[in-house]
Every structure is written in C-alpha cells, then in structure tokens.
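Mapping the sequence shown onto the numbering used here, position 15 (from 1) lands on 16, and the numbers just tick up by one. By construction, the Cβ of each residue, glycine as well, lies at the ideal position given by its N, Cα and C atoms.
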Amino acid sequence: MDEANFAYFIDLKPDVLLFGTGARQRFAHPRLYRTLTDAGIAVEFMTTPAACRTYNILVAEDRKVVAAVLL
C-alpha cells in the first residue's frame with residue numbers, strides 16, 4: 002500500500018475510517034494515512050470482526066463512517 006491508496010478515502014469525507022485487517026490486528030505506518038488525519042478523519046485499525054461490529058454501531062448513531070476490510 003502507498004499514500005495514494007489512503008488518499009482515496011478523503012473524497013468520501015467520513016468522520017471515521019475503519020480498517021479491518023483480517024484475523025489479526027495490524028497497523029499501517031502513520032505516514033501512509035497522515036493525509037487522512039490531517040483532513041480531520043479518524044483512522045482506526047482493528048480485526049475485521051471488530052471493524053464490522055464498530056461500523057454497525059457507528060452507523061446506528063448516524064455517524065459518517067467508511068470501512069475497508071480484508072476477509
């Protein structure tokens with residue numbers, strides 16, 4: 002992945018961007034998603050099941066959320 006992959010999400014204008022990283026929680030280097038945090042978008046990395054649960058909770062609260070998940 003590179004910065005361009007993360008920059009794609011800026012146009013979606015979410016409040017929160019959830020990354021589901023599969024069965025194990027993994028993190029991207031902060032420089033890859035710095036453009037998102039600079040734009041005021043919260044970025045969270047978690048397991049895919051946790052990302053799906055969190056997505057459902059945030060949507061139920063009418064939050065603007067985007068999830069990118071690995072299955």
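Among the residues of its own chain, which have a CB less than 8 Å from the CB of Thr49, if the five just before and after it don't count? Gly21, Thr22, Gly23, Ala24, Val70, Leu71 and Leu72
Alpha carbon to alpha carbon, how far is Ala43 from Tyr34? Give it in angstroms, no decimals. 10 Å
For Phe28, I'd like the list of residues in its chain whose CB is within less than 7 Å of its CB, leaving aside the five on either flank, ordered along the chain. Phe46
Best match in Val67, Ala68 and Pro15 for proximity to Ala40 [C-alpha to C-alpha]: Pro15
In chain order, which continuous runs of the alpha helix (DSSP H) of length 4 or greater are located wholly inside the stretch 5 to 57? 31 to 39
Excluding five sequence neighbours on each side, which residues of the same chain lie with their C-beta closer than 8 Å to the C-beta of Met2? Ala29 and Leu33
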